[in-house]
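K.L.:
I have a structure I would like to understand better, so I am pasting it below and will then ask my questions one at a time.
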Amino acid sequence: MSVPSLDSRSRYLRRLVIKMIEVGGRGHIGPALSLIEILRVLYDSVLRYRPSESEWPERDRFILSKGHGCLALYAVLADKGFLPLEELETYGKSTSRLGGHPERHKIPGIEASTGALGHGLPIGVGMAIAAKIRKQSQRIFVVTGDGEINEGSVWEAAMSASKHQLSNLTVLVDYNKLQSYGPTKEVLNLEPLVEKWQSFGFAVKEVDGHNVSELEQLFKKLPLNSQKPTAVICHTIKGKGLPFAEGQPEWHHKSRLSETQISEMYACLEE
Amino acid sequence: MRRTALNSVYELAQTDDRIVFIGSDLGPGVLAEMKQAMPERFFMEGVSEQHIVGMAAGLAMEGFIPYVNTIATFLTRRCYEQVALDLCLQDLPVRLIANGGGVVYAPLGPTHLAVEDISLFRSLPNMTILSPCDAQEMGHLMQQTVDWSHPIYIRLAKGGDKIVSRADSKPEIGKAELLREPGNGLFVTTGVMAQLALEAAEQLEKDGIGCGVLHLHTVKPLDGESLSQWLPQARHIITVEEHTLIGGLGSALLEFCSDHLPAQTSKIRRVGIPDHFADRYGSQTSLWMHWGITVETLYQQMHRAITG
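These protein sequence lines map, in sequence, to chains A and B. Just so we're aligned, residue 1298 is where the first sequence starts under my numbering, counting upward by one. Just so we're aligned, residue 3 is where the second sequence starts under my numbering, counting upward by one.
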């Protein structure tokens, strides 16, 4: 799969992530960098929302079920005006709203507190059912990690979503093929992943999760089936944008980074 | 009590369209009328407690008030993280109706005995724990669950339990009920233990020993005001619970007294379930007898404490 090089917006959002790592001293770098284009396209072109009215009832709901990818979400939310850009520099401080996992009620635009894995899809199913009961048009998007879907609760929720024909629900799997310990195919193989979601009653598509135009094209077609929930398998690269981190499990989470390492990261992501 | 709780859900749902019911894989016909009358608010989701609690959280985030019902052990042990994070951390108004609190399911063995549920949930911030003594009290409390803005755990007893709450009382969530004025002795109970304590108190009265019963249908939040009023009036206090002695009602009382009424602490003795899994089947009452949770034991312990 050919992956276009990152454009200036993708590099800019990554620099915001690195800024948080720089000030906070630690964070889940790899899982955030695989997410950037998925979030960017959702917030640039797909989701309905009002940054100044984060609880606008008609907004689409977005749940980052892989809460450890929150650096990417903080960057996008700040870029969109949900919170001041300069607030990103408080990341990791004891009184900051921005912690290592996102919390509802603390940060505008965060729909659910996540961090423990396997919670987002059940919550998303509840939200999607709520919209259905009230015949409301909002859509619910849930991003899961790949290691995350080892959790049984994900598949309990998948069966329920299918039973209720929740076409207003889309799950996006950030399939970077690496979980904390190592390759997903070695730790707990997810394949055949497309067939797995299909067999659970989802309409499924695969996409290059770093290709902005492909993501935009695909998201325009949602729902893929008017009687089914959708699963989009986003093929991504953990640590995308930092050549020395890409595909390296040890970049799942980093702390005690030196000034040199921070500079090297910025150097990869210049304007 | 169970029938009262579930019927209340349907009754409340008829006038409040925020109310939804979610079961796991309950017995056939549960809330059949509700299912027929309002199928869009009746959910039977299968054996998937982790999902069900998360789904309830999602509905609550959208303004609904979900009542979730299944067996107590599955609603506490199986999905503890979902209860802690989806419901309590985010402080959502989801109600967990737990069948078979305590050792109701004695014949089914330790997998089905909810003997540490109060302890588990008492340690969760924002959680409210209700353990009514009978169906009458359950009915009153269920009405108040609608507008309580936090998660609630509702511990059900076996059903067909003797009515011991006062017909004229109006129990309130968070407020203890004084079922009998204290004398030298005072039993402090939760759930159907009120029934045993009242009988023991009547026997003590025949011996000329005055003994009261303070019933805590709400174990959390603890009614500190009532405890501060009634505990100092008795010379000897025995807590009675169908629950492990670790972390339940007795522990809650001792913690409260240690913090706020230190002079009362030495008066308190506890009756409950010892720290091991049930090693026999039988019935709820036979397990109570096995562990010394009986009218006779309560009578003897209080008698001995008071008369020396």
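Ideal Cβ placement from N, Cα and C applies to all residues, glycine included. Keep in mind that this is a model prediction, so the values were computed, not measured.
1) Could you have a look at residue 103 of chain B and say whether DSSP puts it in helix, strand or coil?
2) Tell me whether the segment 1393-1402 of chain A and the segment 1423-1439 of chain A touch, counting them as touching only if at least three CB pairs, one residue from each stretch, are closer than 8 Å.
3) Beta-carbon of residue 1422 of chain A versus every beta-carbon of chain B: anything under 8 Å?
4) Please return the same chain residues whose Cβ sits closer than 6 Å to the Cβ of residue 1382 of chain A, not counting the five positions on each side in sequence.
5) Assuming residue 256 of chain B and residue 270 of chain B form a contact by the criterion Cβ under 8 Å, report the distance between their Cβ atoms to the nearest whole angstrom.
6) Quick check: residue 242 of chain B and residue 191 of chain B, are their CB atoms within less than 8 Å of each other?
7) Could you check which residue in A/1522, A/1435 and A/1502 has the C-alpha nearest to that of residue 1532 of chain A?
8) Using only CA atoms, which one of A/1544, A/1393, A/1463 and A/1415 lies nearest to residue 1424 of chain A?
9) Do you know how far the Cα of residue 1560 of chain A is from the Cα of residue 1321 of chain A?
10) Quick one: any contact between the segment 276-289 of chain B and the segment 108-127 of chain B, if contact means 3 or more CB pairs under 8 Å?
11) Are any of the Cβ atoms in chain A nearer than 8 Å to that of residue 59 of chain B?
12) If distances are taken between C-alpha atoms only, which option among B/121, B/154, B/298 and B/264 comes closest to residue 131 of chain B?
13) Is the CB of residue 38 of chain B under 8 Å away from at least one CB in chain D?
14) Determine the direct distance from the alpha carbon of residue 1537 of chain A to that of residue 1515 of chain A, and round the result to whole angstroms.
15) State yes or no: is the beta carbon of residue 66 of chain B nearer than 8 Å to at least one beta carbon in chain A?
16) Going by C-alpha distance, which of A/1407, A/1481 and A/1317 is nearest residue 1438 of chain A?
17) Just the C-alpha distance for residue 1298 of chain A and residue 1534 of chain A, rounded to the nearest angstrom, thanks.
18) Within 8 Å (strictly less), CB to CB, does residue 1298 of chain A reach chain B?
19) With a cut-off of 8 Å, do at least 3 Cβ pairs link the segment 1332-1352 of chain A to the segment 22-33 of chain B?
20) Helix, strand or coil, according to DSSP, for residue 1502 of chain A in the structure here?
21) Measure from the alpha carbon of residue 1357 of chain A to the alpha carbon of each residue in A/1467, A/1528, A/1395 and A/1556, then state which is nearest.
22) Would you tell me roughly how many angstroms separate the C-alpha atoms of residue 170 of chain B and residue 1458 of chain A, rounded to the nearest one?
23) Kindly give me the distance between the Cβ atoms of residue 136 of chain B and residue 3 of chain B, rounded to whole angstroms, as I take these residues to be in contact under 8 Å.
24) Within the same chain, show all residues whose beta-carbon is closer than 7 Å to that of residue 1340 of chain A, passing over the 5 residues directly before and after it, in chain order.
25) Which residue or residues does DSSP assign as beta-bridge partners of residue 46 of chain B?
26) For residue 1419 of chain A, go through chain B and note every residue whose CB falls closer than 8 Å to its CB, in chain order.
27) Just verifying my parser: in three-state terms, what is the DSSP assignment at residue 1376 of chain A?
28) Identify the contact partners of residue 1401 of chain A in chain B, using a Cβ-Cβ distance below 7 Å as the criterion.
29) Which residue or residues does DSSP assign as beta-bridge partners of residue 1471 of chain A?
30) Is residue 1366 of chain A buried or exposed, if buried means 16 or more other CB atoms sit within 10 Å of its CB?
31) Which residues share a DSSP beta bridge with residue 191 of chain B?
32) Using the C-alpha atoms, what's the distance from residue 1384 of chain A back to residue 32 of chain B?
33) Locate the beta strand (DSSP E) running through residue 1602 of chain A, then write down its first and last residues.
34) Report buried or exposed for residue 1331 of chain A, applying the criterion of at least 16 other Cβ atoms within 10 angstroms of its Cβ.
35) With DSSP as the reference, label residue 67 of chain B as helix, strand or coil.
36) Could you list which residues in chain B have their beta carbon closer than 9 Å to that of residue 1416 of chain A, in chain order?
P.N.:
The structure says:
1) The residue labelled residue 103 of chain B in the question sits at position 101 within the second sequence. In this structure, residue 103 of chain B counts as strand in the three-state DSSP scheme.
2) no
3) For this step, residue 1422 of chain A is matched to residue 125 along the first sequence. Yes, residue 1422 of chain A lies at the interface with chain B (some Cβ there is under 8 Å from its Cβ).
4) As a first step, residue 1382 of chain A is located in the first sequence; it is residue number 85 there, counting from the start. Only 1375 meet the Cβ criterion.
5) Reading the second sequence from its first residue, position 254 is the one you call residue 256 of chain B. Reading the second sequence from its first residue, position 268 is the one you call residue 270 of chain B. That pair is a contact at about 6 Å.
6) Numbered from its first residue, the second sequence carries residue 242 of chain B at position 240. Numbered from its first residue, the second sequence carries residue 191 of chain B at position 189. Contact: yes.
7) The residue labelled residue 1532 of chain A in the question sits at position 235 within the first sequence. It is A/1502.
8) If you number the first sequence from 1, residue 1424 of chain A lands on position 127. Among A/1544, A/1393, A/1463 and A/1415, the Cα nearest to that of residue 1424 of chain A is on A/1463.
9) Your numbering for residue 1321 of chain A matches position 24 in the first sequence. Your numbering for residue 1560 of chain A matches position 263 in the first sequence. Approximately 15 Å between the Cα atoms of the pair.
10) yes
11) Counting from one through the second sequence, the residue named residue 59 of chain B turns up at place 57. Yes, because at least one Cβ of chain A sits closer than 8 Å to the Cβ of residue 59 of chain B.
12) Taking the second sequence and counting its residues from 1, one reaches residue 131 of chain B at position 129. Checking every option, the nearest Cα to that of residue 131 of chain B belongs to B/154.
13) Here chain D cannot be found, since the structure's protein chains are A and B.
14) Looking up residue 1515 of chain A in the first sequence gives position 218. Looking up residue 1537 of chain A in the first sequence gives position 240. Each residue's Cα considered, the two are about 21 Å apart.
15) As a position in the second sequence, residue 66 of chain B is number 64, starting the count at 1. By this cut-off, residue 66 of chain B is an interface position.
16) Position 141 of the first sequence, counted from the first residue, corresponds to residue 1438 of chain A. Of the candidates A/1407, A/1481 and A/1317, the one whose C-alpha sits nearest the C-alpha of residue 1438 of chain A is A/1407.
17) Within the first sequence, residue 1298 of chain A is the residue found at index 1, counting from 1. Within the first sequence, residue 1534 of chain A is the residue found at index 237, counting from 1. Only weak support is given to the placement of residue 1298 of chain A: the predicted model assigns it a pLDDT of 40, under 50, and the value that follows is read from those uncertain coordinates. Going by the C-alpha atoms only, they are around 12 Å apart.
18) On the first sequence, position 1 is the one that residue 1298 of chain A refers to. Unreliable positioning characterises residue 1298 of chain A in this predicted model, as indicated by a pLDDT of 40, which lies under 50. The coordinate reading is nonetheless provided below. Not one chain B Cβ lies under 8 Å of residue 1298 of chain A.
19) no
20) Against the first sequence, residue 1502 of chain A aligns to sequence position 205. It is a strand residue.
21) Within the first sequence, the letter at position 60 stands for residue 1357 of chain A. Answer by Cα proximity: A/1467.
22) Translated into the one-based positions of the second sequence, residue 170 of chain B becomes position 168. Translated into the one-based positions of the first sequence, residue 1458 of chain A becomes position 161. Roughly 46 Å between the two C-alpha positions.
23) Here the question's residue 136 of chain B lines up with position 134 in the second sequence. Here the question's residue 3 of chain B lines up with position 1 in the second sequence. Contact flag correct, Cβ pair sits at about 7 Å.
24) The count along the first sequence starts at 1 and reaches residue 1340 of chain A at position 43. Closer than 7 Å at the Cβ level, and outside the excluded window around residue 1340 of chain A, lie 1373 and 1377.
25) For the purposes of this step, residue 46 of chain B is identified with residue 44 of the second sequence, where counting begins at 1. BP columns for residue 46 of chain B point to B/25.
26) Translated into the one-based positions of the first sequence, residue 1419 of chain A becomes position 122. Under the 8 Å cutoff, chain B gives 52, 53, 54, 55, 56, 57, 59, 60, 84 and 88.
27) As a first step, residue 1376 of chain A is located in the first sequence; it is residue number 79 there, counting from the start. In this structure, residue 1376 of chain A counts as helix in the three-state DSSP scheme.
28) For the purposes of this step, residue 1401 of chain A is taken as the residue at position 104 of the first sequence. The contacting residues are 92.
29) Locating residue 1471 of chain A in the first sequence gives position 174, where the first residue counts as 1. Residue 1471 of chain A pairs with A/1442 and A/1531.
30) By 1-based counting over the first sequence, the position of residue 1366 of chain A is 69. Classification of residue 1366 of chain A: buried, given that the 10 Å Cβ count is 16 or more.
31) As a first step, residue 191 of chain B must be located in the second sequence, where it is residue number 189. In the DSSP output, where bridge partners are listed per residue, residue 191 of chain B has B/217 and B/242.
32) On the second sequence, residue 32 of chain B is found 30 positions in, with the first residue counted as 1. On the first sequence, residue 1384 of chain A is found 87 positions in, with the first residue counted as 1. Their backbone Cα atoms lie some 51 Å apart in a straight line.
33) Limits of chain A in this structure are 1298 at one end and 1568 at the other, which puts residue 1602 of chain A out of reach.
34) For the purposes of this step, residue 1331 of chain A is taken as the residue at position 34 of the first sequence. It counts as buried.
35) As a working mapping, residue 67 of chain B is identified with position 65 in the second sequence. Three-state DSSP puts residue 67 of chain B in a strand.
36) Position 119 of the first sequence, counting from 1, holds the residue named residue 1416 of chain A. Residues of chain B passing the Cβ test: 52, 56, 59, 83, 84, 87 and 88.
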